[in-house]
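Let me begin by presenting the structure, written as structure tokens, before commenting on it.
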Amino acid sequence: MPSTGLQELQSSCRRDPDSYRTEFLTQYGQFQALVASTELRPSMESKQLENLSSFMAHVSSAYPVEGRKVAEYHIRLLKEYGASMHHDLRRSLVKSTTIMYRKDAISIESMVPVLFQLLSVRDKELRKSISASIISSLQHANRKHRNEAVVKSLQKFMYKTIEGADVALVKRSVGLSIELFRRQIWCDEKTANVIGSAVFHPSPEVMIIAARFVLDSEQKPRGDGDENEDEGGSDDESDNDTGDGSSSKRAKEMWKTYNLTGKKNARKSARVQKAMKKMMTKKRKPSSGSANAMKANPFSAIMLINNPQEYTERLFSDLQTRKKNISFDAKLTMINLITRMISVHELLVLNLYPLLQRYLQPHQERVTVILAYLAQACHSLVPPDAVQPMVKTIADTFVTDRYRSGSN
Numbered sequence: 001m002p003s004t005g006l007q008e009l010q011s012s013c014r015r016d017p018d019s020y021r022t023e024f025l026t027q028y029g030q031f032q033a034l035v036a037s038t039e040l041r042p043s044m045e046s047k048q049l050e051n052l053s054s055f056m057a058h059v060s061s062a063y064p065v066e067g068r069k070v071a072e073y074h075i076r077l078l079k080e081y082g083a084s085m086h087h088d089l090r091r092s093l094v095k096s097t098t099i100m101y102r103k104d105a106i107s108i109e110s111m112v113p114v115l116f117q118l119l120s121v122r123d124k125e126l127r128k129s130i131s132a133s134i135i136s137s138l139q140h141a142n143r144k145h146r147n148e149a150v151v152k153s154l155q156k157f158m159y160k161t162i163e164g165a166d167v168a169l170v171k172r173s174v175g176l177s178i179e180l181f182r183r184q185i186w187c188d189e190k191t192a193n194v195i196g197s198a199v200f201h202p203s204p205e206v207m208i209i210a211a212r213f214v215l216d217s218e219q220k221p222r223g224d225g226d227e228n229e230d231e232g233g234s235d236d237e238s239d240n241d242t243g244d245g246s247s248s249k250r251a252k253e254m255w256k257t258y259n260l261t262g263k264k265n266a267r268k269s270a271r272v273q274k275a276m277k278k279m280m281t282k283k284r285k286p287s288s289g290s291a292n293a294m295k296a297n298p299f300s301a302i303m304l305i306n307n308p309q310e311y312t313e314r315l316f317s318d319l320q321t322r323k324k325n326i327s328f329d330a331k332l333t334m335i336n337l338i339t340r341m342i343s344v345h346e347l348l349v350l351n352l353y354p355l356l357q358r359y360l361q362p363h364q365e366r367v368t369v370i371l372a373y374l375a376q377a378c379h380s381l382v383p384p385d386a387v388q389p390m391v392k393t394i395a396d397t398f399v400t401d402r403y404r405s406g407s408n
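Under UniProt numbering, the first residue of the sequence shown carries the number 1, and numbering increases by one thereafter.
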């Protein structure tokens with residue numbers, strides 16, 4: 001039947017299901033035959049099946065028994081042949097499946113895993129459509145009635161995917177989970193910790209995405225893995241800011257201290273030590289993204305991390321293991337997360353300070369950012385002996401008559 005005829009029949013079936021049941025069953029039989037044919041040759045284009053799929057989806061609520069069977073056909077086709085299917089047919093079946101979910105012909109726990117596995121298909125338009133469909137479907141399900149058993153089942157599936165070896169799929173899974181958290185669809189402690197655990201994934205790209213989330217869970221994730229990102233992906237210095245916009249400000253304060261006098265290094269050294277002490281004890285007003293603001297916001301992901309001391313120590317160990325295999329920007333992101341965890345939770349990771357000390361050299365790239373991270377890692381519980389060597393290194397290395405103009 002031509003598509004115009006199907007549209008007319010669709011309107012008639014929805015208006016008076018009983019009177020047009022015979023016509024519907026004829027199309028239903030044709031649909032079954034086309035499904036069988038597609039299973040034999042899934043890569044073939046089939047406009048007729050596309051049209052019938054849309055028709056069946058829209059009238060599924062008028063014929064609930066057959067509608068549920070049609071939904072099962074869609075799930076089976078996408079699950080078993082989705083990766084090899086013709087792209088137009090695949091998109092059509094995905095669209096029809098989401099329509100049938102809205103018409104209660106299929107459960108969300110049956111639909112989401114099938115759509116999720118299609119995120120690995122090399123079809124950017126399809127992936128965007130699937131991500132939007134999953135988010136809207138979960139939002140719709142929560143609005144109607146939050147079924148905790150269903151939520152736990154879906155979360156378990158998604159978290160298992162995040163732990164997988166397919167880097168492209170893991171990146172998209174993490175990105176989708178972050179979006180669900182940001183939209184407060186899944187904004188619980190478990191979600192925050194599972195996404196946070198992705199910082200330990202072998203892929204630097206996955207690590208960067210997860211670290212950005214923990215640093216600022218309200219920030220929309222940049223890219224779902226479709227864009228070409230650098231290893232350690234950082235397009236600008238804002239990725240490695242301390243999170244409250246104070247990185248450059250605090251670094252400039254320190255440089256001002258270094259260069260305040262002309263010739264007497266002893267006076268400069270004293271000023272440096274005084275500035276460091278002031279930064280460790282200074283009480284700042286909470287600003288958006290700052291450590292104090294995060295403490296005031298218990299739903300920030302960084303506040304939901306379980307056992308922050310163990311998490312941060314593991315992250316520091318991971319940094320030492322990875323450092324030869326990741327970009328400098330990726331290292332800075334890891335250091336930013338470690339020092340932010342130390343600042344927010346007032347942790348003690350004393351081995352961090354000697355590591356940062358090695359970066360305190362005039363020729364070091366982004367040394368002002370590293371100085372800001374150093375200040376971020378200092379709080380009232382840190383023993384003075386732990387930071388004293390760094391203060392001495394700063395005084396000995398930077399506070400000289402030759403380096404009066406600062407560094408980059």
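Glycine included, C-beta positions come from ideal geometry on N, C-alpha and C.
Cβ neighbours of residue i in the same chain (closer than 7 Å, five flanking residues each side left out)
i: S12; result: Y20
i: K323; result: K331
i: S110; result: I75
i: R68; result: A105
Cβ neighbours of residue i in the same chain (closer than 6 Å, five flanking residues each side left out)
i: S159; result: Before going further, note that residue 159 is Tyr rather than Ser in the sequence given. So the list reads V194, once near-sequence residues are dropped.
i: Q30; result: none
i: L126; result: R91
i: Y28; result: E66
i: H379; result: E346
i: S133; result: T98
i: S234; result: The predicted position of S234 is uncertain, since its pLDDT is 41 and thus under 50; a value taken from the coordinates is nonetheless stated next. These residues qualify, in order along the chain: D329.
i: L6; result: N51 and F55
i: L381; result: E346
i: A211; result: V199, T333 and L337
i: D88; result: none
i: E227; result: In this prediction, E227 has a pLDDT of 46, which is less than 50 and means its spatial position is unreliable; nothing more can be read from the coordinates.
C-alpha gap between residue i and residue j, whole angstroms
i: P42; j: L78; result: 10 Å
i: L360; j: R183; result: 40 Å
i: L319; j: E50; result: 50 Å
i: Y73; j: S84; result: 16 Å
i: S343; j: I135; result: 33 Å
i: S217; j: T368; result: 25 Å
i: M310; j: M303; result: Residue 310 is actually Glu in this sequence, not Met. About 14 Å.
i: R14; j: G164; result: 44 Å
i: Q155; j: A62; result: 32 Å
i: T321; j: F200; result: 11 Å
i: E189; j: V174; result: 15 Å
i: residue 482; j: A372; result: The shown model of the chain, from 1 to 408, leaves out residue 482, and the question about it has no answer.
i: L374; j: S317; result: 18 Å
i: A33; j: V112; result: 26 Å
i: Y101; j: R122; result: 25 Å
i: A395; j: L315; result: 29 Å
i: A377; j: L355; result: 12 Å
i: A301; j: I106; result: 33 Å
i: T393; j: Q357; result: 7 Å
i: K124; j: L215; result: 28 Å
i: L40; j: Y81; result: 10 Å
i: residue 410; j: L25; result: Here the chain has residues from 1 to 408 only, and residue 410 is not among them.
i: S247; j: E365; result: Residue placement at S247 is flagged as unreliable, the pLDDT there being 46, under the threshold of 50; the coordinate-derived value follows with that caveat. Their Cα atoms are separated by approximately 15 Å.
i: K152; j: Q10; result: 37 Å
i: M207; j: P384; result: 32 Å
i: V391; j: I370; result: 14 Å
Chain-order list of residues whose beta-carbon lies under 8 Å from that of residue i (same chain, five-residue window excluded)
i: K283; result: Only weak support is given to the placement of K283: the predicted model assigns it a pLDDT of 41, under 50, and the question is left unresolved by the model.
i: T312; result: I338, M341, I342, H345, L347 and V349
i: N306; result: E189 and N193
i: A35; result: Strictly speaking, residue 35 in this sequence is Val, with Ala absent from that position. Same-chain partners within the cutoff: L49, Y73 and L77.
i: F181; result: C187, T191, A192, I195, F213, S217 and A301
i: D236; result: Only weak support exists for where D236 lies, its pLDDT of 44 falling under 50; the coordinates are left without a value.
i: N351; result: F316
i: I185; result: I135, L138, Q139 and N142
i: I108; result: Y101, S137, L138, A141, V150 and L154
Enclosing alpha helix (DSSP H) for residue i [first to last residue]
i: M111; result: I108 to Q117
i: H175; result: One point to set straight first is that residue 175 is Gly, not His, in the sequence displayed. Looking at the DSSP string, the run of the alpha helix (DSSP H) that includes G175 is V167 to R182.
i: M207; result: P204 to L215
i: L381; result: No alpha helix (DSSP H) contains L381, which DSSP labels as neither H nor E.
i: Q32; result: R21 to L40
i: K69; result: P64 to Y81
i: V367; result: V367 to Q376
i: T102; result: Note on identity: in this sequence residue 102 is Arg, with Thr being the wrong assignment. Where R102 is concerned, the enclosing alpha helix (DSSP H) stretches over H87 to R102.
i: A192; result: E189 to S197
i: E50; result: K47 to H58
i: I354; result: The identity of residue 354 in the sequence shown is Pro, whereas the question assumes Ile. P354 -> alpha helix (DSSP H) spans L352 to R358.
i: I162; result: E148 to I162
(request) Pair every Cβ in the region 129 to 148 with every Cβ in the region 160 to 171, then say whether three or more of these pairs are closer than 8 Å. (result) Proximity of the region 129 to 148 to the region 160 to 171 falls short of the contact definition, fewer than three beta-carbon pairs being nearer than 8 Å.
(request) Give, in chain order, every unbroken run of the beta strand (DSSP E) that is at least 3 residues long and sits entirely within the region 304 to 347. (result) Counting whole runs of 3 or more residues, the region 304 to 347 contains no beta strand (DSSP E) stretch at all.
(message) Quick check: the region 53 to 73 against the region 91 to 107, are at least 3 beta-carbon pairs closer than 8 Å?
(response) Verdict: yes, contact present.
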